[in-house]
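Novice:
Residue numbers (the numbering used here), protein chains in the order written: chain A, 1 to 400; chain F, 1 to 400.
(1) Taking C-beta pairs closer than 8 Å, name the residues in chain A that residue 4/F reaches, listed in chain order.
(2) Quick one: what does DSSP say residue 4/A is sitting in, helix, strand or coil?
(3) For a contact meaning CB atoms closer than 9 Å, what does residue 157/F contact in chain A?
(4) Kindly indicate the opening and closing residues of the alpha helix (DSSP H) around residue 304/F.
(5) Helix, strand or coil for residue 339/A, going by three-state DSSP, please let me know.
(6) Give a yes or no on whether the minimum CB-CB distance between residue 335/F and chain C is below 7 Å.
(7) Apart from the five residues just before and just after residue 296/A, which ones in its own chain have a Cβ nearer than 7 Å to its Cβ?
(8) Could you say which of 142/F, 272/F and 236/F lies nearest to residue 161/F if we only look at CA atoms?
(9) Would you mind working out which of 229/A, 266/A, 259/A and 339/A sits nearest residue 300/A, comparing C-alpha positions?
(10) Strictly under 7 Å for the Cβ-Cβ distance: is residue 351/A near chain F by that measure?
(11) Please classify residue 356/F: does DSSP put it in a helix, a strand, or coil?
(12) How is residue 380/A classed by DSSP in three states: helix, strand or coil?
(13) Thinking just about the alpha-carbon of each residue, which of 198/A, 55/A, 94/A and 326/A is nearest to the one in residue 13/A?
(14) Among 96/A, 339/A, 356/A and 89/A, which residue has its Cα nearest to the Cα of residue 195/F?
(15) Can you name the start and end residues of the beta strand (DSSP E) that residue 233/F belongs to?
(16) Could you check whether residue 333/A and residue 347/A sit closer than 7 Å to each other, using their CB atoms as the reference points?
(17) Taking the Cβ atom as the reference point for each residue, do residue 179/A and residue 179/F lie within a distance shorter than 7 Å?
(18) Closer than 7 Å by beta-carbon distance: list the chain F residues that pair up with residue 130/A, in chain order.
(19) Measure the beta-carbon distance from residue 316/A to residue 2/F and round it to whole angstroms, keeping in mind my assumption that it falls under 8 Å.
(20) Quick one: is residue 111/F near chain A, going by C-beta distance under 7 Å?
(21) Taking the C-alpha atoms as reference points, what is the distance between residue 397/F and residue 44/F?
(22) By the criterion of Cβ-Cβ separation under 9 Å, what are the contact partners of residue 190/A in chain F?
(23) Using a Cβ-Cβ cut-off of 6 Å (strictly less than) and excluding sequence neighbours within five positions of residue 32/A, which residues of its own chain qualify?
(24) Which residues mark the beginning and the end of the beta strand (DSSP E) in which residue 38/F is found?
(25) Starting from the C-beta of residue 377/F, find all residues in its chain whose C-beta is less than 7 Å away, skip the five residues before and the five after it, and write them out in chain order.
(26) Counting along the chain, where does the alpha helix (DSSP H) carrying residue 215/F start and finish?
(27) Name the residue from 76/F, 340/F, 384/F and 108/F whose alpha carbon lies nearest to the alpha carbon of residue 363/F.
(28) Three or more C-beta pairs under 8 Å: does that hold for the region 195-215 of chain A against the region 163-175 of chain A?
(29) For the structure I just gave you, are there three or more beta carbon pairs, one from the region 57-65 of chain F and one from the region 15-35 of chain F, closer than 8 Å?
(30) Would you tell me roughly how many angstroms separate the C-alpha atoms of residue 209/F and residue 246/A, rounded to the nearest one?
(31) Return helix, strand or coil for residue 92/F, following the three-state DSSP convention.
(32) Taking 7 Å as the cut-off, decide whether the C-beta atoms of residue 352/A and residue 177/F are in contact.
(33) Residue 202/F and residue 145/F: beta carbons closer than 7 Å?
(34) Under 7 Å between beta-carbons, which chain A residues line up against residue 93/F? List them in chain order, please.
(35) Where do the ends of the alpha helix (DSSP H) carrying residue 141/F lie?
(36) Using a cut-off of 8 Å between C-beta atoms, extract the partners of residue 303/A located in chain F.
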């Protein structure tokens, strides 16, 4: 079965998270992703936990790539990169703005070698503007981009999203930019430069918060797990965990009350209509807590489902492994790694009928494909020996 | 200036959030997006706040689209849809699985009319598996997909991400699936079916949480705003808000302590190294709180920047409007709407050098382009009158 991007060659100069997550998706879609690593390797190779010396963090976001060690500080390293660029469709990098110019591999320098090249940069703040040179970490981007100010319990602290949504969102937009440029290249025959900023992407995903502020003049605050105007539409604690229920209208409210054997609540003047329930939440919430404290999550969900009330369990990462839907969709699955053995990771959500995303190979060990790629490029064995002896393509010895 | 997807025609059957966010991005990229609405319109048109009767929520995610009212329950409505499908490149829908089959517009029924058609479905749980028919809301997907279990303060409640990340992530992956299928169609000449599930997408963005659990056997928990292993790397309260600092190593720790005039902390045996700071966080945190309670956020950031400590303000949605970087990148900007007037919304992060994303038109009023589109298709004025009289293309009168 072929991939959507078969035949597309990607030069991957990315490290850590946003860039590698982007090139992983290109790899899942069938592109030939050549991950170029400095002799010391992607920093993420040093992030624990480790399995037989291999980083689980690194392995989980670098599948479907080949690894080539190339010292870009050596002029011969840069020459090899330029040869690769001549044959490539896409280059992705996530250095801090200015770094590629220092290394002599900026878009301006590489574009003349291959006018069809699509060169994507993914950075914290973008390549332009007053903050372009600043260091960016996910939490700084989440903080500046507004999402933390609307996440958390009401009246509590602004809260970081537990996944690195600053990096991941930028990764997804970088993929979109690259694929859009590929589509455009079919018409124009030309590549172009793509400048994705993590901060831009955070602003882009705030959906209605900006318009709401613009119209109502009210700064959106954290509202915890409630819906702003539909009640009850929230998480609730059970005997052994949490569930979510979504009682979207008065008819469902009636069914809900009957299901939990509290018909008295249906016409209770405090809770009879959705606006009343929303207004009197402080009185309703303890009643619901007391009701659900009698059920396990499984029991509560069975009762809700039987009554036709939209609901679901609040699952921790361990529980995902046993969810029948997630298993059916192959969204958590083991990948065999030559050194680390079997490692579980997220599958691909890109379910295309003819050319679905797929996991064709585990993450590479540092430089495992250097020789193969150079041989494909026509280098002789003696040239390889020379490049190795001079440290151009040699991985730094790993500390034990 | 042309767009990356100029010449691509998208039939948009989506409502509310995930689907419309996807087609908005296709529109930002220059595709011709024809939003087909039932006579009563996209439900999101009823979500407040309103400006002169127009929903700010709706307007913020439906720019760059034309609106056509079409009653798909009427056979003539379906015939018109099928004519459009013959000329289209992409169809996107986010009904609950099974609905398109009931309406007679499933992929199986439309594909024979246009084998080049890319048909993307975006649903809560996907088109297959035991939960495929279940109702999905963002909070149910966030709960089941694991992200809530790792978001929140340590020891506190699992917390919903304040933006509808369940919908938005699915929207981004749907765009990626569609663009990948367009790339593949250049080689094969064939369209295909795309089945995106919001739950799949939530699992896909957990990054290292799955691998971490798989390797270490420990269920990841909410850890608030701290970094798990680097300290201090967190939010801190100031006199008038919050800031984030990221003290990534012992050298920065020294600079940090000097900057806040607490050189005594540098070699304090509790805080001398990063592992010690991480271990003794409960003692360090109150000291930092007391230090920063003396500064405003602006003062604190000036001190941190002067010392070279990575930092940033925690901004609420109102503050985004004044951030010089966000303004420079045009990520918050006013769009003129013919009825509502000027409405602020998020810009596009898709900064491509030759064919950048752009906002070419505001969100459409219900059915504003019905006639124009039908005339483009060759319908005569008398045919239009007839279709209107029989309610096939007539918007439902708005309640005042």
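Glycine is no exception: its CB is placed at the ideal position from the N, C-alpha and C atoms.
Specialist: So, to answer that:
(1) What you label residue 4/F is simply residue 4 of the second chain in a count that begins at 1. The answer, in chain order, is 180, 181, 183 and 184.
(2) Looking up residue 4/A in the first chain gives position 4. Here residue 4/A carries a coil assignment [DSSP, helix/strand/coil].
(3) Taking the first residue of the second chain as position 1, residue 157/F is located at position 157. Residues of chain A with a Cβ closer than 9 Å to the Cβ of residue 157/F are, in chain order, 153, 224, 225, 235, 237 and 242.
(4) Within the second chain, residue 304/F is the residue found at index 304, counting from 1. 297-307 is the span of the alpha helix (DSSP H), which, as asked, contains residue 304/F.
(5) For this step, residue 339/A is matched to residue 339 along the first chain. Residue 339/A: coil per DSSP, three-state reduction.
(6) Checking the listed chains, one finds no chain C in this structure; the protein chains it contains are A and F.
(7) Counted from its first residue, the first chain places residue 296/A at position 296. 238, 239 and 240.
(8) Here the question's residue 161/F lines up with position 161 in the second chain. If you compare the alpha carbons of 142/F, 272/F and 236/F with that of residue 161/F, the shortest gap goes to 142/F.
(9) Within the first chain, the letter at position 300 stands for residue 300/A. In this structure, 259/A is the residue among 229/A, 266/A, 259/A and 339/A with its C-alpha nearest to the C-alpha of residue 300/A.
(10) Counting from one through the first chain, the residue named residue 351/A turns up at place 351. Yes, residue 351/A counts as interfacial toward chain F.
(11) Along the second chain, one-based indexing puts residue 356/F at 356. Coil, per DSSP.
(12) Against the first chain, residue 380/A aligns to sequence position 380. Correct three-state label for residue 380/A: coil.
(13) By 1-based counting over the first chain, the position of residue 13/A is 13. Selected option, being the one with the closest Cα: 94/A.
(14) Looking up residue 195/F in the second chain gives position 195. The option with the nearest alpha carbon to residue 195/F is 356/A.
(15) The count along the second chain starts at 1 and reaches residue 233/F at position 233. 233-237 is the span of the beta strand (DSSP E), which, as asked, contains residue 233/F.
(16) Working through the first chain from its first residue, we reach residue 347/A at position 347. Working through the first chain from its first residue, we reach residue 333/A at position 333. Between residue 347/A and residue 333/A, the gap from beta carbon to beta carbon is short of 7 Å.
(17) The residue you call residue 179/A lines up with position 179 of the first chain. The residue you call residue 179/F lines up with position 179 of the second chain. A contact, by the Cβ cut-off of 7 Å.
(18) By one-based count along the first chain, residue 130/A stands at place 130. 324, 325 and 328, listed in chain order.
(19) Residue numbering aside, residue 316/A sits at position 316 when the first chain is read from its first letter. Residue numbering aside, residue 2/F sits at position 2 when the second chain is read from its first letter. The beta carbons of residue 316/A and residue 2/F sit about 48 Å from each other, so the pair does not count as a contact at 8 Å.
(20) Sequence index remark: in the second chain, residue 111/F carries index 111 (1-based). Proximity of residue 111/F to chain A, defined by a Cβ-Cβ separation below 7 Å, is not satisfied.
(21) Here residue 397/F is taken as the residue at index 397 of the second chain, counted from 1. Here residue 44/F is taken as the residue at index 44 of the second chain, counted from 1. Cα to Cα, the separation comes out at about 16 Å.
(22) Looking up residue 190/A in the first chain gives position 190. Per Cβ cutoff of 9 Å: 354.
(23) Counted from its first residue, the first chain places residue 32/A at position 32. Hits under 6 Å: 9.
(24) Within the second chain, the letter at position 38 stands for residue 38/F. Per DSSP, residue 38/F lies in no beta strand (DSSP E) and is assigned neither H nor E.
(25) Taking the second chain and counting its residues from 1, the one referred to as residue 377/F is at position 377. The answer, listed in chain order, is 83.
(26) By one-based count along the second chain, residue 215/F stands at place 215. Residues 208-216.
(27) As a working mapping, residue 363/F is identified with position 363 in the second chain. Taking only the C-alpha atoms, the option nearest residue 363/F is 340/F.
(28) Counting Cβ pairs under 8 Å, three or more are found: they touch.
(29) Judged by Cβ distances under 8 Å, the region 57-65 of chain F makes contact with the region 15-35 of chain F, as three or more pairs qualify.
(30) The sequence position of residue 209/F within the second chain is 209, counting from 1. The sequence position of residue 246/A within the first chain is 246, counting from 1. Roughly 27 Å between the two C-alpha positions.
(31) If you number the second chain from 1, residue 92/F lands on position 92. In this structure, residue 92/F counts as strand in the three-state DSSP scheme.
(32) Locating residue 352/A in the first chain gives position 352, counting from the first residue. Locating residue 177/F in the second chain gives position 177, counting from the first residue. Between residue 352/A and residue 177/F, the gap from beta carbon to beta carbon is short of 7 Å.
(33) Within the second chain, the letter at position 202 stands for residue 202/F. Within the second chain, the letter at position 145 stands for residue 145/F. Taking 7 Å as the Cβ cut-off, residue 202/F and residue 145/F qualify as a contacting pair.
(34) Counting from 1 along the second chain, the entry for residue 93/F is found at position 93. Neighbours of residue 93/F on chain A: none; closest Cβ ~15 Å, over 7 Å.
(35) Your numbering for residue 141/F matches position 141 in the second chain. Per DSSP, residue 141/F belongs to the alpha helix (DSSP H) from 138-144.
(36) Walking along the first chain from the start, residue 303/A turns up at place 303. Neighbours of residue 303/A on chain F: none; closest Cβ ~16 Å, over 8 Å.
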